[in-house]
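Position one of the sequence shown corresponds to residue 217 (our numbering), numbered consecutively onward. Where a beta carbon is used, it is the ideal one built from N, C-alpha and C, also for glycine. Keep in mind it's a predicted model, so treat the numbers as computed, not measured. What follows is a single structure, written as structure tokens, with notes after it.
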Amino acid sequence: MTDRKRTATDEQTPKPDGGYASATDAELSRASDSGIWYRQLLVVAETEYRLAVRGRWAVALTAIFAAFALGLTTFSGSSVGPEGFERTVASLAVLAVYLVPLVALAFGYDAVVGREENGWLHALFALPVERAWIVVGTALGRAVVLASATVVGFGIAGGFLLWEFGLAGFDAYVTFLLASVGLGLVFLAVGVLVSTLAREKTHALGISLLVWAWFVLVHDLLGLGLVAAFDLSAGAVSAMLLANPTGIFRALVLGALGAAGDAGFATVLAESGLSTGVLVGALVAWIVVPIALAAFAIRRRRL
217 MTDRKRTATD EQTPKPDGGY ASATDAELSR ASDSGIWYRQ LLVVAETEYR LAVRGRWAVA
277 LTAIFAAFAL GLTTFSGSSV GPEGFERTVA SLAVLAVYLV PLVALAFGYD AVVGREENGW
337 LHALFALPVE RAWIVVGTAL GRAVVLASAT VVGFGIAGGF LLWEFGLAGF DAYVTFLLAS
397 VGLGLVFLAV GVLVSTLARE KTHALGISLL VWAWFVLVHD LLGLGLVAAF DLSAGAVSAM
457 LLANPTGIFR ALVLGALGAA GDAGFATVLA ESGLSTGVLV GALVAWIVVP IALAAFAIRR
517 RRL
């Protein structure tokens, strides 16, 4: 009877995000009392997922990916057949290099500092929950939303391509889709790290834009200039590629397309000699390392 009254009272208590207590809040409290780390992690992730869905982020991200992908595939003008399929996938890869990192950073830059400004982080820190699991759970919940939106959004365009071109070359599109998910998770992880280190949302937004400009624009230009000016060794080229997640993404897609003859820095990426396993491992490291750094940094954050 006492628990029922407490639950009824909690449901009428305004929460920092502007809503009211829910079953998820009660689950979080019970999970924190239990002290089981994976239960705390999953409950925080579920809470973050529900907040993102309630805020229409899932719908917005899916609509963005679907609109751009469908627009490009509809007006690409590629010929019917495997060659047309591969050219369309190559065009989608160029689009994804610019769009996916920007969307992922926009989705992740306020993961921590935004929650602090609206008071939600204070409520979480008041619970006996390890701060590291709060960051990891927040990143996990948002990762599920972003990955789902990427698969559904680009998958709609993939269904259109499948209907138009058939199964020939569809394996390259699957590789592109999975690589796009990985690229989005990388920049989401970087955005969470930036959000953990920044003291204000405006600072986090500015740093995120600089991160996007560096990895998407500046790094490739510098790399292309170095390759054109100097006779770099294969090891130097490989290190340059692995230092940029967008380069890893391009290498994976170009490897699936067999596009080693393309001009520009794409040729260097495709001919780097790195295996698919190494590229996938590097992409996973780009996801794990920023989250681990954010989990370490949150312990030193003062509200």
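Would you say residue i and residue j are within 9 angstroms of each other, going by their C-beta atoms?
i      : j      : result
Thr354 : Arg517 : no
Thr366 : Ser396 : yes
Gly357 : Leu267 : yes
Gly471 : Thr492 : yes
Leu392 : Ala312 : Per the sequence presented here, residue 392 reads as Phe, with Leu not at that position. Contact: yes.
Ala165 : Val408 : Past the boundaries of the shown model lies residue 165; the chain is included only from 217 to 519, so the question cannot be answered.
Leu362 : Ala320 : yes
Val527 : Ala405 : Residue 527 is absent from the structure shown; the chain starts at 217 and stops at 519.
Ser424 : Ala322 : yes
Met456 : Leu442 : yes
Ser454 : Leu490 : yes
Gly400 : Val469 : no
Ala420 : Ala429 : no
Ala459 : His435 : yes
Around the C-beta of residue i, are 16 or more other C-beta atoms found within 10 angstroms, so that it is buried, or is it exposed?
i      : result
Ser449 : exposed
Val402 : buried
Ala327 : buried
Gly287 : exposed
Thr290 : exposed
Trp502 : buried
Pro344 : exposed
Val310 : exposed
Ile507 : buried
Tyr265 : buried
Please confirm whether residue i has its beta-carbon closer than 9 angstroms to some beta-carbon of chain B.
i      : result
Val406 : Annotation note: the requested chain B is absent from the structure, which comprises a single protein chain.
Less than 8 angstroms between the CB atoms is what I'm expecting for residue i and residue j, so what's the real figure, rounded?
i      : j      : result
Leu257 : Trp349 : 5 angstroms
Val410 : Tyr325 : 6 angstroms
Gly398 : Ile280 : Between Ile280 and Gly398 the Cβ distance is about 18 angstroms, and since that is not below 8 angstroms, they are no contact.
Val351 : Glu416 : Their Cβ separation, rounded to whole angstroms, is 18 angstroms, which puts Val351 and Glu416 out of contact at 8 angstroms.
Glu332 : Ala388 : Actually they do not touch by this definition, with Cβ atoms about 43 angstroms apart.
Leu473 : Val305 : 6 angstroms
Leu308 : Ala285 : 6 angstroms
Under three-state DSSP, which class holds residue i?
i      : result
Val521 : Nothing about residue 521 can be reported from this structure: the residues present for the chain run from 217 to 519 only.
Ala165 : In the structure as shown, the chain starts at 217 and stops at 519, and residue 165 therefore has no counterpart that could be examined.
Ser364 : helix
Arg272 : coil
Phe446 : coil
Val496 : helix
Arg517 : coil
Ala237 : Confidence at Ala237 is low in this model, with a pLDDT of 47, below 50, so its placement is unreliable and the value that follows should be read with caution. Three-state result, Ala237: coil.
Asp478 : Residue confidence is low: Asp478 scores 49 on pLDDT, short of 50, so the model does not pin down where it sits. Its coordinate-derived value is still stated next. In this structure, Asp478 counts as coil in the three-state DSSP scheme.
Tyr325 : coil
Gly345 : Inspection of the sequence shows that residue 345 is occupied by Val rather than by Gly. Three-state result, Val345: coil.
Leu490 : coil
Glu262 : helix
Gly335 : coil
Ala279 : helix
Arg466 : helix
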